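In what follows, a structure is listed as structure tokens, so that the remarks can point back to it.
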Amino acid sequence: MIFHKKSKDSDKVSDAVSSSQVGSSKSSQDRKIQEELKKSGEIPTHIAIIMDGNGRWAKRRGLPRVAGHREGVKSVRDVVEACAQLGVKYLTLFAFSTENWRRPRQEVDTLMKLLIRTLRTETENLHKNDIKLMAIGDIESLPVEVQKELKEAIEKTKNNKRMILNLALSYSGRWEIIEAVRDIARDVKDGKIKVEDINDKLFSRYLRTAGIPDPDLLIRTSGEYRISNFLLWQIAYTELYICDCLWPDFRRKHLYEAIRDYQKRERRFGMTSEQIKKKGLNGNA
Numbered sequence: 001m002i003f004h005k006k007s008k009d010s011d012k013v014s015d016a017v018s019s020s021q022v023g024s025s026k027s028s029q030d031r032k033i034q035e036e037l038k039k040s041g042e043i044p045t046h047i048a049i050i051m052d053g054n055g056r057w058a059k060r061r062g063l064p065r066v067a068g069h070r071e072g073v074k075s076v077r078d079v080v081e082a083c084a085q086l087g088v089k090y091l092t093l094f095a096f097s098t099e100n101w102r103r104p105r106q107e108v109d110t111l112m113k114l115l116i117r118t119l120r121t122e123t124e125n126l127h128k129n130d131i132k133l134m135a136i137g138d139i140e141s142l143p144v145e146v147q148k149e150l151k152e153a154i155e156k157t158k159n160n161k162r163m164i165l166n167l168a169l170s171y172s173g174r175w176e177i178i179e180a181v182r183d184i185a186r187d188v189k190d191g192k193i194k195v196e197d198i199n200d201k202l203f204s205r206y207l208r209t210a211g212i213p214d215p216d217l218l219i220r221t222s223g224e225y226r227i228s229n230f231l232l233w234q235i236a237y238t239e240l241y242i243c244d245c246l247w248p249d250f251r252r253k254h255l256y257e258a259i260r261d262y263q264k265r266e267r268r269f270g271m272t273s274e275q276i277k278k279k280g281l282n283g284n285a
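Read left to right, the sequence shown gives residues 1 to 285 (UniProt numbering).
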């Protein structure tokens, strides 16, 4: 019997085919899960995420904190893609808070460089997938180069319709509310509005999220039960979901679990179950 030794090129082709088959199988399985989610209940129109745990993820592995931030970018990429595929219309990510400026200078500088690099590498992919990029926060406090890359990415994707990816950068809920109050006070002083005109709808129009519906679902990773000064006005009736995993470990499977949990809940908006049913509102239950 004669045995033919396989060439290295043959091994590479075989490995590539095998890898392709595995990838195709996973993709098919993922599409099936997404279809089941769409059939089982409402897909949130707006999902907001507090991406927490990058530093702890790195520390547990004996790595510098920046390693956790870099790995977290992979989570962002996967979640953005999955949300767009599911039909989520708005995804708001808490990327950098006003409080984060207090971190060590070296870490902040590294984060800004990572943000620049990510904007440069991911914008084209967002554009190809018809995803519009927006940003809320004290953008002028960001380094000039970050502002430049952000402005270019927003401009490039401004006409996209599939989903809005909203980055909260140098942002805090209290900062946003104070800015809104100042703008309202100026308009009252200038006679553009009357004090009697001020209500929750008018106030919402002065927020940085004006034109974007309030989040249906807020996900926080790392198992922490805190809001961390994020979208304080907007989450009045938002469903909260706490995931124990750290952000760099968060992938679409965790997103699907959060949506399944959301679909089991009854959203009452201050009303009773009977009122919800009578009005025909979507209570998810």
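Heads up, the beta-carbon is just placed ideally off N, CA and C, and yes, glycines get one too.
Just so it is clear, the structure is predicted and the values come from calculations on it, not from any experiment.
- Message: If distances are taken between C-alpha atoms only, which option among Ser273, Ile242, Ile235 and Arg31 comes closest to methionine 51?
- Response: Nearest option by C-alpha distance: Ile242.
- Given isoleucine 154, which residues of its chain have a CB within under 6 Å of its CB, disregarding the five upstream and five downstream residues? Annotation for isoleucine 154: Leu133 place their beta carbon closer than 6 Å to its own, counting only its chain and skipping 5 residues before and after.
- Using 8 Å as the Cβ pair cut-off and three pairs as the minimum, do the region 226-236 and the region 168-183 touch? Put simply, the region 226-236 touches the region 168-183. At least three CB pairs are less than 8 Å apart.
- Item | Buried versus exposed, by CB contacts within 10 Å (16 or more), asparagine 159 | Residue burial is scored here from C-beta neighbours: asparagine 159 has fewer than 16 other C-beta atoms within 10 angstroms and is therefore classed as exposed.
- Starting from leucine 63, follow the alpha helix (DSSP H) in both directions and report where the run begins and ends. No alpha helix (DSSP H) contains leucine 63, which DSSP labels as neither H nor E.
- How long is the line joining the alpha carbons of arginine 65 and leucine 111, rounded to whole angstroms? C-alpha of arginine 65 to C-alpha of leucine 111: approximately 10 Å in a straight line.
- Query: What number of angstroms, rounded off, separates the C-alpha of serine 172 from the C-alpha of arginine 268?
  - Reply: Their Cα atoms are separated by approximately 27 Å.
- Enclosing beta strand (DSSP E) for methionine 163 [first to last residue]: Going by DSSP, methionine 163 is part of the beta strand (DSSP E) stretching over 163-171.
- Message: Is arginine 61 a contact residue of the ligand PLP, with contact defined as CB to any heavy atom under 7 Å?
- Response: Of the ligands one can find in the structure shown there are none, so the ligand PLP has no counterpart to examine.
- Message: With a threshold of 7 Å on Cβ separation, who are the neighbours of isoleucine 33 within its own chain once the five nearest residues in sequence on each side are excluded?
- Response: If we look at isoleucine 33 and ignore the five residues flanking it on each side, its Cβ neighbours are Tyr256.
- Message: By the three-class DSSP mapping on this structure, what secondary structure does tyrosine 256 have?
- Response: Look at tyrosine 256 here: in three-state DSSP terms it is helix.
- Message: Please report the straight-line C-alpha distance between lysine 59 and leucine 246, rounded to a whole angstrom.
- Response: Cα to Cα, the separation comes out at about 12 Å.
- Message: Count Cβ pairs between the region 193-203 and the region 139-146 that sit closer than 8 Å; are there 3 or more?
- Response: Note that the region 193-203 does not touch the region 139-146; fewer than 3 beta-carbon pairs, one per stretch, sit closer than 8 Å.
- Apart from the five residues on each side of it in sequence, which residues of its chain come closer than 8 Å, Cβ to Cβ, to alanine 135? Counting only residues of its own chain and dropping the five nearest sequence neighbours on each side, alanine 135 has a CB closer than 8 Å to the CB of Leu150, Ile154, Asn166, Leu167, Ala168 and Leu169.
- DSSP beta-bridge partners of proline 48: Rather than proline, the amino acid found at residue 48 in this sequence is alanine. Answer by DSSP bridge pairing, in chain order: Thr92 and Leu218.
- Under 8 Å between the Cβ atoms of arginine 220 and aspartate 78? In this structure, arginine 220 sits away from aspartate 78, with a CB-CB distance that is not shorter than 8 Å.
- Message: For threonine 45 and lysine 89, which I take to be in contact (beta-carbon distance under 8 Å), what is that distance rounded to the nearest angstrom?
- Response: Their Cβ separation, rounded to whole angstroms, is 5 Å, which keeps threonine 45 and lysine 89 in contact under 8 Å.
- Task: Measure the alpha-carbon distance for arginine 103 versus leucine 217 and round it to whole angstroms.
- Result: Near 28 Å, if we compare the C-alpha coordinates of leucine 217 and arginine 103.
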